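A.B. asks: For the sequence shown, position 86 matches number 86 in full-length UniProt numbering, and the numbering has no gaps at all. By construction, the Cβ of each residue, glycine as well, lies at the ideal position given by its N, Cα and C atoms. Being a predicted model, the structure only gives us computed values, none of them experimental.
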Amino acid sequence: MEAKAEVQKPKTVLDLESMLAVQGVTLSFRQERVARFAVAYPEIVAFGTANSLAVRCSVTQSTVVRLAISLGFESYREFRRVFRQHVKVNATYR
Numbered sequence: 001m002e003a004k005a006e007v008q009k010p011k012t013v014l015d016l017e018s019m020l021a022v023q024g025v026t027l028s029f030r031q032e033r034v035a036r037f038a039v040a041y042p043e044i045v046a047f048g049t050a051n052s053l054a055v056r057c058s059v060t061q062s063t064v065v066r067l068a069i070s071l072g073f074e075s076y077r078e079f080r081r082v083f084r085q086h087v088k089v090n091a092t093y094r
């Protein structure tokens, strides 16, 4: 049995956007939908729950959590921190 390659989790929203652009991670159709929505609307992820993001993307909450784990995060909460940091940094320079 082949070991699954370790995914280098994105440290920023821009890292995530780059991963998606170069197909740096294999995601299901629904996971990719959530990831692209998250990159387009980081403030929604930063202040929302896994369930609220799932509703906006018409997927299940477990799809959102599986996305976070597929990207190398321990949990949705850790995934959301990247977006909170992004919003915080961008709000500082406006």
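(1) Looking only at its chain, what residues have a beta carbon closer than 6 angstroms to the beta carbon of N51, apart from the 5 residues adjacent to it on each side?
(2) Looking only at its chain, what residues have a beta carbon closer than 8 angstroms to the beta carbon of E32, apart from the 5 residues adjacent to it on each side?
(3) Using a Cβ-Cβ cutoff of less than 6 angstroms, which residues in the same chain neighbour F79 once the five nearest sequence positions on both sides are dropped?
(4) Mind checking K88: buried by the 16 CB within 10 Å criterion, or exposed?
(5) Check P42 in the structure and name its three-state DSSP category.
C.D. replies: From the atom records:
(1) Q61
(2) Around E32: L20.
(3) A68 and F73
(4) With fewer than 16 Cβ atoms within 10 Å of its Cβ, K88 is classed as exposed.
(5) helix
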